[in-house]
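Colleague:
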Amino acid sequence: MKRTIAEVVLVLALICAGFFGWQNLQKGNQAHAALTEMETASKAHEDLLKESEKKVKAAGEALAAVNEEVVPLKAKALELDAVKAAVANGPLLQDVEGLYKQQKVLSVERQLGLGALRMLTKGSSDPGVAEAFQKALQLSDWSGRKNTICAAQIGLAATGEKVKVMSECAIQPEVAAADSGHGEPPAAGGHGDAKAKEHGADKKDAHAAPHWGYEGAMGPERWGSQFPTCGNGKSQAPLNIRGPFVKGRIGVAPDYKAGPLRLLNNGHTIQVNVPAGSKLRIDGIAYDLLQFHFHRPSEEQIDGKPMEMVVHFVHKSAEGKLAVLGVLLKEGNENPGIKTLWTHAPAAEGPEVAPDEVVFNPANLLPKELQYFSYEGSLTTPPCTEGVRFFILKTQVNISREQINNFPFRRNARPVQPLNDRVITEG
Ligand SMILES: [Zn+2]
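Each residue of the sequence shown is one higher than the one before, counting from -2 in the working numbering.
So, in structure tokens, the structure goes:
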């Protein structure tokens, strides 16, 4: 009996042990699940942490990059402050102005420089700033140098003047570099092209990058790609002048004065910059003579034929309207006026020269008779701006064969343009 009881107790004990064991096993399983869960959570946390670390690292790198940019910017700002401080004294500006005045040389570049210097010393609202940039724009309009046109336009815009800045003037160093790179010689192969080749894409040299020419990839058919008006304008110049003509009653009266000779080879033509005082009256309205320059052959044609050369006298009214008086040059006797000009004209592209004590009167190049053909046209060089009134004198003036040959440009004439719905008047 004892044995039976012992057996029962043993069995019960075993059952109990089994039960507790099972219970413990259950608990263990639960603990394991909890542990796994915790492990998963911790893994997720770790991932999050890693990601956060990555983000922090990236932010740190970005900040370092910004700092790298800011440090040189700070240096630039300091430099600018230094320049400002150096030129803040009025006398420096006066010195520079005095120097330029004394030399009677105010090229486009110097006008730009004066504008910039004035802006630094007196602020953009100073009327002299706008004046300097206006003058630069007047001179650069006809030279067609994109860099100078852009500089003058951007300068004027900075003064708050209403000026349309050409889309190609966006300040992008890479674009400027690309522009400098594709410089090809213009028709007459100005010296500037050789310079451009020597120095490669030297962005600092305003003369290094001709953006247009009279031949090949830079020729008149391609001007429109960089200067849209040249391609899509409807009142472009020059024209083939042929009848029928409408009678014009506009009176033109040149009043040109002798003054110190200042001239340059701008890579596209020989240009004489005229000191203030010479005027052309058109129906009583005064237009200031700014400059005159030459084309070979003449850009205008009479009944489909060009003359050997033409001289364009470029004028501007107080309202900003441009007018060109054209004098056709035909082969004949030597022209004394041109003799003076050719003696001092630089054979290669370069800045303006002012030979000592040489005085010139542009009237020397005019015929006595002032009958004309007239039409609305444009600059005949980029940017081909329209709204230019042309008066082409019927009377031609002599130039000798030798003088024609000594003009440093073999060919610098834009082809004639479609008349469209314009009329040519004669008067
Ligand atoms: Zn011209």
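Glycine included, each C-beta is placed from N, C-alpha and C at the ideal position. Note that this is a predicted model, so its numbers are computed, not measured.
1. Tell me Asp285's beta-bridge partners as DSSP assigns them.
2. Residues in its own chain within less than 6 Å of Val243 by CB, not counting five upstream and five downstream?
3. List the whole-angstrom C-beta distance separating Val308 from Glu296, where the pair is believed to meet the contact cut-off of C-beta under 8 Å.
4. From Val172 to Cys166, what does the alpha carbon distance come to, in whole angstroms?
5. Buried or exposed, going by whether 16 or more other CB atoms sit within 10 Å of the CB of Glu43?
6. DSSP three-state label for Met116, please.
7. Which term fits Arg293, buried or exposed, when burial requires 16 or more other beta carbons within 10 angstroms of its beta carbon?
8. Could you say which of Gly221, Gln27 and Ile396 lies nearest to Lys231 if we only look at CA atoms?
9. My understanding is that Ser284 touches Lys313, with C-beta atoms under 8 Å, so please give their C-beta distance in whole angstroms.
10. Distance, Cα to Cα, Gly323 vs Gly210?
11. Would you mind stating whether Pro364 and Val394 have Cβ atoms separated by less than 8 Å?
12. Could you tell me which whole beta strand (DSSP E) segments of length 3 or greater appear in the region 308 to 356?
13. Compute the beta-carbon to beta-carbon distance between Asn259 and Asn270, rounded to the nearest angstrom, for a pair I have assumed lies under 8 Å.
14. Going by CA-CA distance only, name the one from Leu338, Asp418 and Ala410 that's closest to Glu212.
15. Taking its Cβ as the centre, do 16 or more other Cβ atoms sit within 10 Å of Glu34, making it buried, or is it exposed?
16. Using only the heavy atoms of ligand 1, determine whether one of them is closer than 7 Å to the beta carbon of His290.
17. Bridge partners for Glu383 per DSSP, in chain order?
18. Just the Cα atoms here: how many angstroms apart are Val355 and Gln131?
19. So what does DSSP say about Gly178, is it helix, strand or coil?
20. Please work out which residues of its chain come closer than 6 Å, Cβ to Cβ, to Gly256, disregarding the five sequence neighbours upstream and downstream, and give them in chain order.
21. State yes or no: is the C-beta of His312 nearer than 7 Å to some heavy atom of ligand 1?
22. Would you say Gly428 and Tyr369 are within 8 Å of each other, going by their C-beta atoms?
23. Check this for me: beta carbons of Leu111 and Ala82, under 8 Å apart or not?
24. Specify the secondary structure class of Tyr211 as computed by DSSP and reduced to three states.
25. Which of the three DSSP states, helix, strand or coil, is assigned to Ala250?
26. According to DSSP, what are the bridge partners of Gly256?
27. Rounded to a whole number of angstroms, what is the C-alpha to C-alpha distance between Asp176 and Glu331?
28. Within the same chain, show all residues whose beta-carbon is closer than 7 Å to that of Ala286, passing over the 5 residues directly before and after it, in chain order.
29. Whole angstroms is fine: what's the gap from Lys336's alpha carbon to Val350's?
30. Check each candidate in Pro124, Thr382, Pro352 and Leu338 and name the one with the smallest Cα separation from Lys318.
31. Locate the beta strand (DSSP E) running through Gln268, then write down its first and last residues.
32. Based on DSSP bridge pairs, tell me the residues matched to Thr422.
33. Short of 7 Å in beta carbon distance, which residues of its chain neighbour Ala154, apart from the five on each side in sequence? Order them along the chain.
34. Does DSSP put Pro405 in a helix, a strand or coil?
35. By the 10 Å Cβ neighbour count, where 16 or more other Cβ atoms means buried, how is His265 classified, buried or exposed?
36. Do you know offhand how far Asp280's Cα is from Pro348's?
Modeller: For this structure:
1. As DSSP reads the structure, Asp285 sits in a beta bridge with Lys276 and Lys313.
2. The residues are Val420 and Thr422.
3. Contact annotation, Val308 with Glu296: C-beta distance approximately 11 Å; criterion of less than 8 Å not satisfied.
4. Summary for Val172: the model assigns pLDDT 37, below 50, so the residue's position carries little reliability; its value from the coordinates is reported in the next sentence. Val172 and Cys166 have their alpha carbons spaced roughly 10 Å apart.
5. If you draw a 10 Å sphere on the C-beta of Glu43, you find fewer than 16 other C-beta atoms in it, and that means exposed.
6. It is helical.
7. That one is buried.
8. Of Gly221, Gln27 and Ile396, the residue nearest in Cα terms is Gly221.
9. Note on identity: in this sequence residue 284 is Tyr, with Ser being the wrong assignment. Contact holds; Cβ gap of about 6 Å.
10. Cα to Cα, Gly323 sits roughly 21 Å from Gly210.
11. Yes, the Cβ-Cβ distance between Pro364 and Val394 is below 8 Å.
12. With a minimum length of 3 residues, the continuous beta strand (DSSP E) runs that stay inside the region 308 to 356 are 319 to 328.
13. Reading off the sequence shown, one finds Arg at residue 259, where the question assumed Asn. A Cβ-Cβ distance of about 5 Å is found for the pair Arg259 and Asn270, placing them in contact under the 8 Å criterion.
14. With distances taken between Cα atoms, Glu212 lies closest to Ala410.
15. It counts as exposed.
16. Checking the Cβ of His290 against ligand 1 gives yes.
17. Answer is Ser375.
18. Answer to the nearest angstrom: the Cα atoms are 27 Å apart.
19. Reliability fails at Gly178, whose pLDDT of 32 lies under 50, so the model's placement of it is uncertain and the value that follows must be treated cautiously. In the three-state DSSP reduction, Gly178 falls in the helix class (H, G or I).
20. Shown here for Gly256: same chain residues with a beta carbon closer than 6 Å to its own, the five before and five after excluded, namely Pro272 in chain order.
21. Every heavy atom of ligand 1 is 7 Å or more from the Cβ of His312, so no.
22. The shown model of the chain, from -2 to 424, leaves out residue 428, and the question about it has no answer.
23. Leu111 places its beta carbon 8 Å or farther from that of Ala82.
24. Three-state result, Tyr211: coil.
25. The answer is strand: DSSP assigns Ala250 an E or B state.
26. Gly256 is bridged by DSSP to Phe357.
27. In this prediction, Asp176 scores a pLDDT of 37, lower than 50, which makes its location untrustworthy; no coordinate-derived value is stated.
28. This sequence places Leu at residue 286; Ala is not what is there. By the criterion of a C-beta distance shorter than 7 Å, Leu286 is surrounded in its chain by Tyr253, Val271, Ser275, Lys276, Leu277, Phe310, His312 and Pro359, once the five residues flanking it on both sides are discounted.
29. The C-alpha of Val350 is placed about 16 Å away from the C-alpha of Lys336.
30. It is Thr382.
31. Gln268 -> beta strand (DSSP E) spans Ile267 to Asn270.
32. DSSP lists Val243 and Ser371 as partners of Thr422.
33. Same-chain partners within the cutoff: Val160 and Val162.
34. If DSSP states are grouped into helix, strand and coil, Pro405 belongs with coil.
35. The Cβ neighbour count for His265, taken over all protein chains shown within 10 Å, is at least 16; the residue is labelled buried.
36. Cα atoms of Asp280 and Pro348: separation of roughly 36 Å, rounded to the nearest angstrom.
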